[in-house]
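Reviewing the structure listed below.
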Amino acid sequence: MSPYPKAEHATRVLVLNSGSSSLKYQLLDMRDGSRLAAGLVERIGEKTSRLVHTAPTGADEGRRERTDRIADHAKALEAVADELAHDELGLDSPELAAIGHRVVHGGLKFSEPVVVDDGVLAEIERLVPVAPLHNPANLIGIRTARALRPDLPQVAVFDTAFHRTMPEHAARYAIDTATADAHRIRRYGFHGTSHAYVSRRTAELLGKDPSEVNVIVLHLGNGASASAVAGGRCVDTSMGLTPLEGLVMGTRSGDIDPAVTFHLRRVAGMSVDEIDELLNKKSGLVGLCGDNDMREIRRRIDAGDERARLAFSIYIHRLKKYIGAYSAVLGRVDAVAFTAGVGENAAEVREAAVAGLEVFGLAVDAQRNAVRSGEPRIISPDGARTVVAVVPTDEELEIARQTFALVGEDRTAIV
Ligand code: AMP
7 MSPYPKAEHA
17 TRVLVLNSGS
27 SSLKYQLLDM
37 RDGSRLAAGL
47 VERIGEKTSR
57 LVHTAPTGAD
67 EGRRERTDRI
77 ADHAKALEAV
87 ADELAHDELG
97 LDSPELAAIG
107 HRVVHGGLKF
117 SEPVVVDDGV
127 LAEIERLVPV
137 APLHNPANLI
147 GIRTARALRP
157 DLPQVAVFDT
167 AFHRTMPEHA
177 ARYAIDTATA
187 DAHRIRRYGF
197 HGTSHAYVSR
207 RTAELLGKDP
217 SEVNVIVLHL
227 GNGASASAVA
237 GGRCVDTSMG
247 LTPLEGLVMG
257 TRSGDIDPAV
267 TFHLRRVAGM
277 SVDEIDELLN
287 KKSGLVGLCG
297 DNDMREIRRR
307 IDAGDERARL
317 AFSIYIHRLK
327 KYIGAYSAVL
337 GRVDAVAFTA
347 GVGENAAEVR
357 EAAVAGLEVF
367 GLAVDAQRNA
377 VRSGEPRIIS
387 PDGARTVVAV
397 VPTDEELEIA
407 RQTFALVGED
417 RTAIV
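For the sequence shown, the numbering used here gives the first residue as 7, with consecutive numbering after it.
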């Protein structure tokens with residue numbers, strides 16, 4: 007018997023996003039999607055650990071910070087549990103329906119969120135070779151939460167899941183099939199939770215059912231990816247085996263001739279790890295101009311900085327190519343939706359990405375594009391053939407929604 011009494015209406019979901027040295031969390035109420043608490047533990051295991059916790063209705067004017075050493079993820083989750091308990095939102099509350107975990111790689115197996123059991127854990131572990139940075143950290147988060155609340159449903163929500171509907175011709179690389187299959191080399195795609203959320207919200211903005219609309223989603227954050235979504239199903243996306251493929255990103259190169267890597271190995275004498283680091287951490291905007299923050303790049307361009315201007319142009323050129331490519335993949339595009347840090351905030355990026363694409367029915371209204379807001383909004387002129395929109399993403403809400411849809415007792419409460 008569970009030591010925790012079942013509430014008549016357990017409507018809260020705790021969302022955990024466990025990184026290699028960090029733990030992000032949000033506690034949401036699924037009756038209205040409101041955020042009861044949110045926070046971040048960083049530098050777990052280091053002397054300079056830090057926990058920042060906010061709870062709008064909580065004690066201490068809603069915000070607390072801790073800076074003592076937090077030794078490991080178990081201690082981090084205990085610390086989070088203490089903070090939540092302090093605000094009377096503890097993990098032992100009967101109102102907590104489930105814990106939803108962000109898991110980066112679900113491979114071929116997971117096309118939907120799943121309730122975690124030993125088999126699921128083993129499968130996530132089996133995928134570590136294709137997600138060596140992320141899946142181990144995600145696993146630690148799940149195991150820790152399970153140990154703390156073994157009776158509570160733990161749900162894994164995969165970043166790759168939304169892209170599992172991609173047809174084989176979009177998912178396969180044109181390499182030897184036996185080699186590809188032996189090593190599970192194919193295009194998986196990432197940021198799936200965001201693409202799922204934003205494509206659905208875009209349909210809502212258009213007053214349509216997701217099954218009726220074709221959307222290109224441009225998730226432009228520090229990591230960046232595009233997706234082509236036809237009638238609510240992903241048919242192509244720009245990230246591949248790893249998040250390195252596709253758009254120019256903050257620190258990643260995106261698409262590159264694979265022979266560049268042979269050249270770096272044979273001619274430049276770099277090791278595989280060095281090449282990995284170069285393409286993932288020292289390329290993209292940071293490699294091109296030394297900055298990966300779009301605000302700083304725009305400031306430098308305004309001051310006449312040529313390197314920053316070229317970096318911006320390369321970033322936009324790639325973006326346009328993907329808009330064109332996905333217009334061809336979809337045939338009919340009802341909307342292009344910009345999201346994430348750059349997509350939601352950088353009006354210049356949106357304007358430049360769409361400039362000259364009138365042939366695709368795309369245009370941006372300058373006044374609408376300049377509006378700053380946290381709400382989904384249309385920025386194309388009235389009557390445009392294709393709607394251009396800004397649709398703020400909310401991956402935590404989407405994880406909570408999918409978690410609750412799977413295990414919530416009172417599904418009528420779902421937002
Ligand atoms: P994300 O990964 O979605 O958190 O996005 C982070 C990125 O968004 C930063 O690296 C910036 O380049 C960009 N960003 C955030 N705020 C702004 C802003 N106000 N204007 C332009 N870019 C922004």
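A virtual CB, placed ideally from N, CA and C, is assigned to each residue, including glycine. Predicted, not measured: the structure shown is a model, and the values here were computed from it.
- Message: Taking the alpha helix (DSSP H) that Y321 belongs to, which residues open and close that run?
- Response: Taking the first residue of the sequence shown as position 1, residue 321 is located at position 315. Run containing Y321: 312-336, per the alpha helix (DSSP H) assignment.
- Between V348 and the ligand AMP, is the CB less than 6 Å from at least one heavy atom? Along the sequence shown, read from residue 1 onward, the residue named residue 348 stands at position 342. Yes; taking the cut-off as 6 Å, the Cβ of V348 has a heavy atom of the ligand AMP nearer than that.
- Query: Any heavy atom of the ligand MN within a distance shorter than 6 Å of the CB on G147?
  - Reply: Among the ligands present in this structure, namely the ligand AMP, the ligand MN is not found.
- Using only the heavy atoms of the ligand AMP, determine whether one of them is closer than 6 Å to the beta carbon of M300. The count along the sequence shown starts at 1 and reaches residue 300 at position 294. True, at least one ligand heavy atom lies under 6 Å from that Cβ.
- Report yes if the CB atom of E354 is closer than 7 Å to the CB atom of V396, and no otherwise. On the sequence shown, position 348 is the one that residue 354 refers to. On the sequence shown, position 390 is the one that residue 396 refers to. No, Cβ-Cβ distance for E354 and V396 is not below 7 Å.
- Query: For the beta strand (DSSP E) that R69 lies in, which residues bound it at each end?
  - Reply: Start at 1 with the first residue of the sequence shown, and residue 69 comes out as number 63. Here the beta strand (DSSP E) through R69 covers 69-72.
- Query: Taking just the CA atoms, how far does A80 sit from A87?
  - Reply: Locating residue 87 in the sequence shown gives position 81, where the first residue counts as 1. Locating residue 80 in the sequence shown gives position 74, where the first residue counts as 1. In this structure, the straight-line span from the alpha carbon of A87 to that of A80 is close to 11 Å.
- With 16 other CB atoms within 10 Å as the buried threshold, where does H197 fall? Counting from one through the sequence shown, the residue named residue 197 turns up at place 191. Residue environment: H197 is assigned as buried (16 or more neighbouring CB atoms within 10 Å of its CB, all protein chains considered).
- According to DSSP, residues forming a beta bridge with N141: One-based indexing of the sequence shown puts residue 141 at position 135. In the DSSP assignment, N141 forms no beta bridge with any residue.
- With burial defined as no fewer than 16 other Cβ atoms inside 10 Å of the residue's Cβ, what is the status of R108: buried or exposed? The sequence position of residue 108 within the sequence shown is 102, counting from 1. Buried.
- Answer with buried or exposed for G25, where buried requires no fewer than 16 other C-beta atoms within 10 angstroms of its C-beta. By 1-based counting over the sequence shown, the position of residue 25 is 19. Buried is the call here.
- DSSP state of P9 mapped onto helix, strand, coil: Indexing the sequence shown from 1 puts residue 9 at position 3. Because the pLDDT of P9 is 40, which lies under 50, any placement of that residue in the model is unreliable, and the number read from its coordinates should be weighed accordingly. P9: coil per DSSP, three-state reduction.
- Reducing DSSP to helix, strand and coil, say where K214 ends up. Here residue 214 refers to the residue found at position 208 of the sequence shown. Note: K214 maps to coil in three-state DSSP.
- Query: Should G227 be counted as a contact of the ligand AMP given a C-beta to heavy atom distance under 6 Å?
  - Reply: Residue 227 sits at position 221 when you count from the first residue of the sequence shown. Checking the 6 Å criterion, the Cβ of G227 is within range of a heavy atom belonging to the ligand AMP.
- Task: Go through the segment 341-418 residue by residue and report every complete run of the beta strand (DSSP E) that reaches 3 residues or more, in order.
- Result: Positions of the beta strand (DSSP E) runs, each at least 3 residues long and wholly inside the segment 341-418, are given as 341-345, 393-396 in order along the chain.
- Any non-hydrogen atom of the ligand AMP closer than 6 Å to A353 Cβ: Reading the sequence shown from its first residue, position 347 is the one you call residue 353. For A353, the Cβ stays outside the 6 Å cut-off from all heavy atoms of the ligand AMP.
- Query: Under 7 Å between the Cβ atoms of S117 and A167?
  - Reply: Stepping through the sequence shown from its first residue, residue 117 is reached at position 111. Stepping through the sequence shown from its first residue, residue 167 is reached at position 161. Yes, they are a contact pair.
- Start-to-end residues for the beta strand (DSSP E) that takes in H59: Within the sequence shown, numbered from 1, the residue matching residue 59 stands at position 53. Residues 56-60.
- Message: Taking the beta strand (DSSP E) that G290 belongs to, which residues open and close that run?
- Response: Taking the sequence shown and counting its residues from 1, the one referred to as residue 290 is at position 284. First-last for G290: 290-295, but that is the alpha helix (DSSP H), not the beta strand (DSSP E).
- Boundaries (first-last residue) of the alpha helix (DSSP H) holding F168: To locate residue 168, count along the sequence shown from 1; it is residue 162. For F168, no alpha helix (DSSP H) segment is defined, and its DSSP state is neither H nor E.
- Message: Can you give me the C-alpha to C-alpha distance between F318 and D308, rounded to a whole angstrom?
- Response: Here the question's residue 318 lines up with position 312 in the sequence shown. Here the question's residue 308 lines up with position 302 in the sequence shown. Going from the Cα of F318 to the Cα of D308 covers about 12 Å.
- Message: I'd like the list of long-range same chain contacts for P382, defined as Cβ closer than 8 Å, with 5 residues on each side in sequence excluded.
- Response: Taking the sequence shown and counting its residues from 1, the one referred to as residue 382 is at position 376. Within the same chain, P382 has close Cβ partners R207, T208, E210, L211, A395, V396, V397, P398.
- Since T243 sits in a beta bridge, which residues does DSSP pair it with? Here residue 243 refers to the residue found at position 237 when the sequence shown is read from its first residue. According to DSSP, which records beta bridges pairwise, T243 is partnered with S233.
- Residues near L284 by beta carbon distance below 6 Å, same chain, minus five either side: Along the sequence shown, read from residue 1 onward, the residue named residue 284 stands at position 278. Excluding residues within five positions, none has a Cβ falling inside 6 Å.
- Query: What number of angstroms, rounded off, separates the C-alpha of D299 from the C-alpha of A346?
  - Reply: Residue 299 sits at position 293 when you count from the first residue of the sequence shown. Residue 346 sits at position 340 when you count from the first residue of the sequence shown. If I take the Cα positions, the gap works out to 13 Å.
- What's the call for D66, buried or exposed, on a 16-neighbour Cβ count within 10 Å? Position 60 of the sequence shown, counting from 1, holds the residue named residue 66. Exposed, by the Cβ-count rule.
- Hey, D400 and Y203 are a contact pair by Cβ (cut 8 Å); roughly how many whole angstroms apart? Reading the sequence shown from its first residue, position 394 is the one you call residue 400. Reading the sequence shown from its first residue, position 197 is the one you call residue 203. Between the beta-carbon of D400 and that of Y203 there is about 6 Å, and that keeps the pair under the 8 Å contact cut.
- Query: Which word fits S8, buried or exposed, when buried means at least 16 other C-beta atoms lie within 10 angstroms of its C-beta?
  - Reply: Locating residue 8 in the sequence shown gives position 2, where the first residue counts as 1. Caution is warranted here: a pLDDT of 41 is assigned to S8, below 50, making its placement in the model unreliable, and the coordinate value is therefore given only provisionally. So S8 counts as exposed.
- Task: Over the uninterrupted alpha helix (DSSP H) stretch that includes L42, give me the two end residues.
- Result: The residue you call residue 42 lines up with position 36 of the sequence shown. No alpha helix (DSSP H) holds L42; the beta strand (DSSP E) holding it covers 40-48.
- Alpha carbon to alpha carbon, how far is I281 from A406? Along the sequence shown, one-based indexing puts residue 281 at 275. Along the sequence shown, one-based indexing puts residue 406 at 400. When rounded, the distance between both Cα atoms is 37 Å.
- Item | C-beta contact flag for I385 and V370 at 7 Å | As a first step, residue 385 is located in the sequence shown; it is residue number 379 there, counting from the start. As a first step, residue 370 is located in the sequence shown; it is residue number 364 there, counting from the start. Result yes, Cβ atoms of I385 and V370 sit closer than 7 Å.
- Query: Any contact of the segment 236-244 with the segment 169-178, i.e. 3+ C-beta pairs under 8 Å?
  - Reply: The segment 236-244, when compared against the segment 169-178, does touch it at the 8 Å Cβ threshold.
- Could you please give the first and the last residue of the uninterrupted alpha helix (DSSP H) stretch that includes K81? To locate residue 81, count along the sequence shown from 1; it is residue 75. That run of the alpha helix (DSSP H) goes 79-92.
- Query: Taking the continuous alpha helix (DSSP H) assigned at L102, which residues delimit it?
  - Reply: Mapped onto the sequence shown, residue 102 falls at position 96. No alpha helix (DSSP H) holds L102; the beta strand (DSSP E) holding it covers 102-109.
- Contact between the segment 155-165 and the segment 94-105: three or more CB pairs below 8 Å? Contact check between the segment 155-165 and the segment 94-105: three or more CB pairs, one atom from each, fall below 8 Å, which counts as touching.
- Message: Which residue marks the beginning of the beta strand (DSSP E) containing H175, and which one marks its end?
- Response: Translated into positions along the sequence shown, residue 175 becomes position 169. Element bounds for H175: not the beta strand (DSSP E) but the alpha helix (DSSP H), 174-177.
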